[in-house]
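Sequence positions in the sequence shown follow the working numbering and run 28 to 227.
Yeah, the Cβ is synthetic: ideal placement off N, Cα and C, and Gly gets one too.
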Amino acid sequence: MGELERLEAEVTQCTRCLLHRGRTRAVPGEGPGDAEVMFVGEGPGFHEDQEGRPFVGPAGQYLDELLTGIGLTRGDVYITNVIKCRPPGNRDPLPEEVTACEPFLDRQIALIQPAVVVTLGRFSMARAFPKARISEVHGEPRKINGIVYYPMYHPAAALHRPSLRPIVEADMGQLPQVIQRAPHLPDSEPPPRAEQLELF
Ligand code: URA
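This is the structure we're talking about:
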C-alpha cells in the first residue's frame, strides 16, 4: 500500500472531530496519486456520505460534465474535500472541524504535488485566499509555495443559481491553459483588495 492509500485508510478511521459520530462513511478522496490537477470541494453531502466517494451526487454529475467539456474525466484528476465527513444537515463546516481535518488535505497535496489545485467554493478557497471574496477572485490563478491555486465557484452553487453557470463554465474552460502555464507563474502576494474583506 502506498503512502496516499495509507492516508486514505487513516481518514476512514478518523475520530479527530465530532463529525465522525454522525457519518455513514468518511470520504477521503480519490484519483491517481500523480494527478496534475486536484479538485478540493467543501465536504461530503448525503450521497458522498453513503458511498464514501467525493462528488457523486448532483454537484458531482455537474463536475463530471464540466470535466468532459475540457477533455478530462474523473480518472484523470484527484478529487477531495476540505472536510472528510458530512456535517449534519449539510451545514457549513465549523472552524474546528476544518482545523482538525486540515492535516489530511495538507498531506494529500504534499504527496500528490499537483500542478494546480482547483478550489471549489469559499471554504476550499479560504486556504489560499484568506478573507477573499469568491466573486472577486474566481478564475484568477495564484501560486503559493510552488502550487497554483485556481478558485472556482462550487458546482452546487451554480446548480442553485443558474446565473453562475456561464461563469463556472468559463472558469473551467480556462483550466487547460492554467495547467499549461502553471510552471511559469511566479509565486504571488495576496491580492490586497481581497485581503481586506471578511469571508465569514
Ligand atoms: N459537495 C462537496 O463540496 N463535496 C462533495 O464531495 C460533494 C458535494
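Residues of its chain near residue i, where Cβ-Cβ distance is below 6 Å and the 5 sequence neighbours each way are ignored
| i | result |
| --- | --- |
| C128 | I110, K111 |
| P115 | G49 |
beta-carbon residue i near the ligand URA non-hydrogen atom, thresh 8 Å
| i | result |
| --- | --- |
| V54 | yes |
| P114 | no |
| G96 | no |
| G79 | no |
| L147 | yes |
| G166 | no |
| G102 | no |
| L86 | In the sequence on display, residue 86 carries Ala and not Leu. Yes, the Cβ of A86 comes within 8 Å of a heavy atom of the ligand URA. |
Own chain, CB closer than 8 Å to residue i, minus 5 neighbours either side, in chain order
| i | result |
| --- | --- |
| V83 | H74, E75 |
| F227 | Interpretation of F227 is limited by its pLDDT of 37, a score under 50 that renders its predicted location unreliable; no figure is taken from the coordinates. |
| S215 | R169, K170, I171 |
| S229 | Nothing can be reported for residue 229, as the shown portion of the chain is limited to 28 through 227. |
For residue i, three-class secondary structure by DSSP
| i | result |
| --- | --- |
| Y180 | coil |
| T126 | helix |
| E37 | helix |
| T100 | coil |
| D214 | strand |
| N117 | helix |
| E167 | coil |
| E63 | coil |
C-alpha distance - residue i paired with residue j, whole-angstrom precision
| i | j | result |
| --- | --- | --- |
| P120 | G70 | 8 Å |
| P193 | G200 | 10 Å |
| V205 | R43 | 35 Å |
| G143 | T107 | It is Val, not Gly, that sits at residue 143 in the sequence shown. Whole-angstrom Cα-Cα distance: 14 Å. |
| Q223 | R149 | Per-residue confidence for Q223 stands at a pLDDT of 45, beneath the threshold of 50, marking its modelled position as unreliable; the derived number appears in the next sentence. In a straight line, the C-alpha of Q223 is about 16 Å away from that of R149. |
| C23 | H47 | There is no way to answer for residue 23, as the model of the chain reaches only from 28 to 227. |
Cβ-Cβ separation, residue j to residue i (assumed contact under 8 Å), whole Å
| i | j | result |
| --- | --- | --- |
| L212 | V164 | Not quite, the Cβ-Cβ distance comes to about 15 Å (not below 8 Å), so this is no contact. |
| E57 | R80 | 6 Å |
| A159 | T146 | About 10 Å; that fails the 8 Å criterion. |
| G96 | E196 | 7 Å |
Residue i Cβ short of 8 Å to the ligand FAD heavy atom set
| i | result |
| --- | --- |
| H47 | This structure lacks the ligand FAD; its bound ligands are the ligand URA. |
Close Cβ partners of residue i (< 7 Å) along its chain, the five nearest in sequence each way excluded
| i | result |
| --- | --- |
| P209 | Checking the sequence, you will find Ala at residue 209 rather than Pro. Cβ within range, chain order: A142, V143, V175. |
| P85 | L186 |
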